[in-house]
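Here's the structure, in structure tokens; my notes come after.
Numbering (this note's numbering), first residue to last: 488 to 776.
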């Protein structure tokens, strides 16, 4: 039993850097069965018409729950895990990471203004506001950006929704089989979305002003979920000076929408509260040994 616990603990330490890298930088009735192909663009649409159609065809939900397999690939570590996802639109979403026989080792919850991480093996937790994390990560996202990334939707940086009056904030290029949508935020981050002929988003690419750091989020294997196309595979990569520094492949196997979801984040009394800075420091020391 001791040997098994030591193995699980080592696995927990291996997962934590990947979780910090992915979730901090990146700051779904029935099983899908019918595959939906991507469609090439057949003509140029008017600016307003294009975005109206994109908004009309966006994935609709009030709540979302999903079972997925996450394949993490970061320098020195490759691993996979079952992850249960629960989401309440515009409110919060929660991920339960269960790599060993359904045993949860991490729980992550993101709300509109805060993030919480529960490390069951290390008996510690993080609970902090996004405002306190500024300067600790190269690329900053808010909750609504991340929610849109997980649900294959166009977003306006820092905004909860996109109104028709804001369509002119986006630059649209319609050339070839796909369309390119670009927009910058107040900090100079450039967001580039690639969409097919049916306005399904195929990728989202985010770069900071110096082009040193970037996040690429690709969508594929679209299938009908409650009559709506949804990408059953998402490939996420973090880039540094043009080189991949790791990422995660998310493979969805089950999605339910608009069913009651219960989110619990009870913290055991003996767990120690730590900061993101402390986690990063401990990971650095562990890697150096």
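Even for Gly, the Cβ is constructed at its ideal location relative to N, Cα and C.
If you count every other CB in all the chains shown that lies within 10 Å of the CB of residue 714, and 16 or more means buried, which is it?
exposed
By the three-class DSSP mapping on this structure, what secondary structure does residue 653 have?
helix
Quick one: which unbroken alpha helix (DSSP H) runs of 4-plus residues sit fully inside the region 593-644? Chain order, please.
630-637
If you draw a straight line from the alpha carbon of residue 561 to that of residue 572, how long is it in whole angstroms?
22 angstroms
Cβ pair residue 606, residue 593 closer than 9 angstroms
yes
Name the DSSP bridge partner or partners of residue 720?
707, 738
Which same chain residues, not among the five before or five after residue 534, have their C-beta less than 7 angstroms away from its C-beta?
654, 659
Pick helix, strand or coil for residue 541, following the three-state DSSP scheme.
helix
Taking all protein chains shown into account, do 16 or more other C-beta atoms lie within 10 angstroms of the C-beta of residue 580, making it buried, or fewer, making it exposed?
buried
With three or more C-beta pairs closer than 8 angstroms as the rule, is the region 537-546 touching the region 725-740?
no
Helix, strand or coil for residue 766, going by three-state DSSP, please let me know.
helix
Take the Cβ of residue 651 as the centre, count every other Cβ of all protein chains shown within 10 Å, and call the residue buried at 16 or more, exposed below.
exposed
Please name the residue, chosen from 656, 749, 764, 733, that lies closest to residue 564 on a Cα-to-Cα basis.
733
Report all residues from its chain with a CB closer than 6 angstroms to the CB of residue 642; omit the five preceding and five following residues, and keep chain order.
632, 635
Can you tell me the Cα-Cα spacing of residue 570 and residue 649, whole angstroms?
30 angstroms
How about residue 668 and residue 766: do their beta carbons lie closer than 9 angstroms?
no
Are the CB atoms of residue 721 and residue 705 within a distance shorter than 9 angstroms?
yes
Can you tell me the Cβ-Cβ gap for residue 717 and residue 603, rounded? I've got them flagged as a contact below 8 angstroms.
That belief does not hold up - the Cβ atoms of residue 717 and residue 603 are roughly 27 angstroms apart, past 8 angstroms.
Who are the near neighbours of residue 610 in its chain, counting only those whose CB is closer than 8 angstroms to its CB and skipping five residues on each side?
755, 757, 758, 759
What are the residues that DSSP puts in a beta bridge with residue 682?
666, 688
Name the DSSP bridge partner or partners of residue 677?
671, 694
Look at the alpha carbon of residue 682 and the alpha carbon of residue 689, and state the distance between them as a whole number of angstroms.
5 angstroms
Measuring alpha carbon to alpha carbon, tell me which of 679, 638, 637, 644 ends up nearest residue 629.
644
Between the Cα of residue 559 and those of 663, 730, 700, 735, spot the shortest distance and give me the residue it belongs to.
735
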